[in-house]
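Here is the structure we will look at, set down as structure tokens.
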Amino acid sequence: MIKLYHVRGTRSFRVRWLMEELEIPYELITMPLDEKVLRTPEMLARNPFGKVPAIEDGAVTLFESGAIVEYLLETYGEGRLQPEKGSPEWLRYLQWMHGSETLANFVGVVLFTTMRIPEDARSDLISDPAKTRARFAFAAAEKDLGDRACICGTEFTAADIMVTWALIFGSMFGIPTTDECPNLMASWDRMKARPAYQRAMED
Ligand SMILES: N[C@@H](CCC(=O)N[C@@H](CS)C(=O)NCC(=O)O)C(=O)O
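Quick note on our numbering: the sequence shown kicks off at 1193 and runs consecutively.
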């Protein structure tokens, strides 16, 4: 059975949500967000960055949420949750599979500058530009989503999973607001209604 190395509230949610959507059985190994736990030799052998997610699937060990999502779709997806290759939706799919990490990384800088650097080094002078960049990135996604039901068009795909987690991450810092990104926030509400999303949120 696939083992997912997981920290609640992190990018490993993407992998868990996908496995719930595809109904792939998995074993969840939940860990604290603690460098001492994530950077043991055993964990570094699974993910040399000392981060989650990582999976083990028989002889396969893999890290990076996007790579794991693509691997699971290739191996177990049977064509589900991906647009037809070569279609216009597929181009959007490729863009947002990867663009979702641009969104998440801007939020990561906000996290780093507001919570990770020593308290006496924190300042709005440092974190405000990071927040502005993150808002700018989400505004670009908002514009690109427009009135589409899903990021690639009408069909739910794994790219929605990737993008939605960036929204979850941003929401920890109030970025973006519903006023700034009404379409993105409405799409997140639609995602929350999916049973697989709800199962992946469980403890
Ligand atoms: N691009 C990587 C980013 C992985 C990442 O930053 N994971 C975070 C949680 S969302 C983590 O494990 N952080 C622990 C740390 O930095 O100590 C991916 O998509 O998997």
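Note that CB positions come from ideal geometry on N, CA and C, so glycine has one too.
Beta-bridge pairing by DSSP links Gly1362 to no other residue. In this structure, Met1193 and Leu1264 do not form a Cβ contact; the two beta carbons are roughly 13 angstroms apart against a cut-off of 8 angstroms. For the pair Tyr1285 and Cys1344, the CB atoms are nearer than the 7 angstroms cut-off.
In the structure shown, Leu1230 adopts helical secondary structure according to DSSP, grouped into three states.
Taking non-hydrogen atoms of ligand 1 into account, the C-beta of Glu1227 is found less than 6 angstroms away from one of them. By the Cβ rule, the stretch 1266-1277 does not count as touching the stretch 1308-1328, because fewer than three pairs are nearer than 8 angstroms. For Val1207, the secondary structure class from DSSP, reduced to helix, strand or coil, is helix.
Straight through space, the alpha carbons of Thr1346 and Arg1340 are spaced by roughly 6 angstroms. Here His1290 is exposed. Its C-beta has fewer than 16 other C-beta atoms within 10 Å. Annotation: the continuous beta strand (DSSP E) that includes Asp1249 extends over Ala1246 to Asp1249. Relative to the non-hydrogen atoms of ligand 1, the Cβ of Val1244 comes within a distance shorter than 6 angstroms of at least one. One thing to note: Leu1220 has its Cβ no nearer than 7 angstroms to the Cβ of Val1199. Distance from the C-beta of Glu1256 to the nearest heavy atom of ligand 1 is below 6 angstroms. Distances taken from the Cβ of Arg1238 to the heavy atoms of ligand 1 include none shorter than 6 angstroms. Relative to ligand 1, the beta carbon of Arg1203 is positioned inside 6 angstroms of a heavy atom. The Cβ atoms of Val1244 and Ser1204 sit closer than 7 angstroms to each other. Taking each of Ala1350, Asp1395, Asp1336 and Phe1330 in turn and checking the Cα distance to Asp1371, the smallest one comes out for Phe1330.
With a contact defined as Cβ atoms closer than 8 angstroms, Thr1253 and Arg1238 qualify at about 6 angstroms. Counting along the chain, Glu1266 sits inside the alpha helix (DSSP H) bounded by residues Ser1257 to Tyr1268. With respect to the 7 angstroms criterion, Leu1317 and Ile1247 are not classified as neighbours on the basis of their beta carbons.
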